[in-house]
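Protein chains in written order, with the working numbering: chain A, 83 to 587; chain B, 58 to 157. Cβ coordinates follow ideal geometry from the N, Cα and C atoms, glycine included.
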């Protein structure tokens, strides 16, 4: 009997369907192997191999598409392949390609070992891709922890600086705390769902389908409600929603710039991938979840924007503005209860956020002179005059984050607001609009610092020539920045291909 | 007679001790022990649920949690040691380079 059962499960293992994740794992090991085999002078080629490998996997994902064989549950119900998961896979791979580029720029300035950074980055990306497709709490937890432990290392990667290590420690404590809370929630849900005395219980209630059936049979189960609450708190930590956002500014400031970008984009998107799946699973408890999420979203938008108002440190500013973006995204998730296309709007917003954030972080990575964690508005002084290309990239990135038409960020916000309007969340919509108005103030502070002559004391002018920012911007650096800037502008004008892809093309 | 609820009460107690330990204690190593305590509280509850409700899913999950916790400790202690070498302290109050 047991062997038949195991055979049955083994037959559902479709290894080909997780080819991209396997490919990333192999590529990650290959990088370490190359580091041993290649002579030291040739080591600079390894990060390029990483980028080329990722682009190849991305191409196979994009052009391979999905066949009918790769839709549905696999691996004994551990993984479910669907359109949403597929889009998140593409999202995480694109993020990882750009973060690799940022890593090449930032690590070049350090004497630290470099290859391990790309190795861990690839493993984290593979874990995030699996996380977005998890259909079982064991899969979800293991994938999440693989990514989180990788993040601990990436945050504290600049181990020669105290700030990076301190940010790593803070992220470690907060991340482990949130994982423990999430885990306890899973345990309570397991305990509730496996209780044979209750209707709809099953021997495997950690499977999302079984859990959803159990919850719809017992929507008022105390243990289930408590578990749901703890699981949502754990996820709120990951996306940096109020009141679990305390770690965001410190960790964003101390982490190396490529890691900050990965945290801002990848970690947040992973949180929303989980949230969107679990909101579905928990939908029988909708009367509890949605009011809770609405309150959190309103507070998140207001807190993020108000806290960012007085920030002068650029990485903290990006972190706190990221908190408010998480609030807007939550608004989309809330609207998806009644308006079906709202989840498409959330993913569109994520893509717009990806392109704009990469543009901003790429500019930050190229500004030299001060230490990574101390970059402030003053360091942007006259950026536009000193290097027009970077100035333009910064303006497009910040403009898109602020939601200036006709950039991609504007369309993203518009879609979410229309969805919220159709779902009749007028109060939340009002808060969101106030949030946008506040955000324009501090985003324009950044643009002002970069474009308009800073007022200086006369002594300052006697300082020698400042280093030209972006002097080491090679061909590929320009290509990467042009790609994100062009993407931001083109998606702003013409959403055809992306929205048809997101709508299930 | 010891029943399921006794295990769950102990598990909840352990989880609360761990949670408040993380919030209130000042020494990084003690905080780290409290985090481990929270994970082990989950392990205890999983095994108890698995035993009393039938089904092996919970027992198997425990192995995954132990593995994950080991990986987390390895990385976490490495970070704490590296930070101690730089700052000669593991008290959270003295680790305040990052702030507004």
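- A direct Cα-Cα distance of roughly 11 Å separates residue 163 of chain A from residue 170 of chain A.
- Residue 89 of chain A has a beta carbon lying at 8 Å or more from every beta carbon in chain B.
- In this structure, residue 568 of chain A and residue 465 of chain A do not form a Cβ contact; the two beta carbons are roughly 20 Å apart against a cut-off of 8 Å.
- Here residue 141 of chain A is exposed, its C-beta having fewer than 16 other C-beta atoms within 10 Å.
- For residue 95 of chain B, the nearest CB of chain A lies under 8 Å from its own CB, placing it at the interface with that chain.
- If you check the CB distance, residue 182 of chain A and residue 129 of chain A come in under 8 Å.
- Chain-order list of chain B residues neighbouring residue 177 of chain A: empty, with the shortest C-beta distance near 22 Å, by a criterion of under 8 Å.
- For residue 67 of chain B, the nearest beta carbon of chain A is not closer than 8 Å to its own beta carbon.
- Proximity of chain B to residue 266 of chain A at the Cβ level (cut-off 8 Å) is accounted for by 72, 95, 98, 99, 102, in chain order.
- The contact set of residue 363 of chain A on chain B, defined by CB atoms closer than 8 Å, is empty, because the minimum CB distance reaches about 16 Å.
- Below the 7 Å Cβ cutoff, chain A contributes no neighbours of residue 148 of chain B, its closest Cβ being approximately 12 Å away.
- Identification of residues in the region 328-340 of chain A having a C-beta nearer than 9 Å to some C-beta of chain B yields 331, 332, 333, 335, 336, given in sequence order.
- Here residue 89 of chain B has 130, 133, 134, 137 as same chain residues with Cβ atoms under 8 Å from its own Cβ, once five neighbours each way along the sequence are excluded.
- Residue 79 of chain B reaches chain A at 255, 259, counting residues in chain order whose Cβ is nearer than 8 Å.
- Residue state for residue 422 of chain A is assigned as coil, using DSSP reduced to three classes.
- By alpha-carbon distance to residue 232 of chain A, the top candidate from A:205, A:354, A:244 is A:205.
- At the C-beta level, residue 414 of chain A and residue 498 of chain A come within 8 Å of one another.
- By the rule that beta-carbons nearer than 8 Å mark a contact, residue 110 of chain B touches chain A.
- DSSP places residue 238 of chain A outside both helix and strand once states are collapsed to three, so it counts as coil.
- If you check the CB distance, residue 325 of chain A and residue 188 of chain A do not come in under 8 Å.
- Listed as beta-bridge partners of residue 154 of chain A by DSSP are A:163.
- Closest option to residue 332 of chain A, judged by alpha-carbon separation, among A:313, A:293, A:389: A:389.
- Cβ atoms of residue 434 of chain A and residue 509 of chain A stay farther apart than 8 Å, at about 25 Å.
- Nearest to residue 320 of chain A by C-alpha distance, out of A:432, A:120, A:230, A:474, is A:230.
- With a cutoff of 8 Å on beta-carbon distance, residue 217 of chain A and residue 289 of chain A are scored as near each other.
- In the DSSP annotation of this structure, the continuous segment of the alpha helix (DSSP H) that includes residue 523 of chain A starts and ends at 508-533.
- The C-beta of residue 161 of chain A has 16 or more other C-beta atoms within 10 Å across all chains shown, which makes the residue buried.
- In this structure, residue 459 of chain A lies away from residue 405 of chain A, with their beta-carbon atoms at least 8 Å apart.
- Excluding five sequence positions before and after residue 213 of chain A, the CB atoms of its chain that fall closer than 6 Å to its own CB belong to 225, 226, 352, given in chain order.
- Inter-residue distance for residue 534 of chain A and residue 573 of chain A is about 28 Å (C-alpha atoms, whole angstroms).
- Under the DSSP definition of a beta bridge, residue 148 of chain B partners with B:84.
- CA-CA distance, residue 530 of chain A to residue 486 of chain A, rounds to 15 Å.
- Judged by DSSP in its simplified three-state form, residue 289 of chain A adopts strand.
- Contact note: residue 241 of chain A reaches chain B through 139, using a C-beta cutoff of 8 Å and chain order.
- For residue 300 of chain A, there is no enclosing alpha helix (DSSP H), since its DSSP letter is neither H nor E.
- Per the DSSP secondary-structure output, residue 216 of chain A pairs in a beta bridge with A:161.
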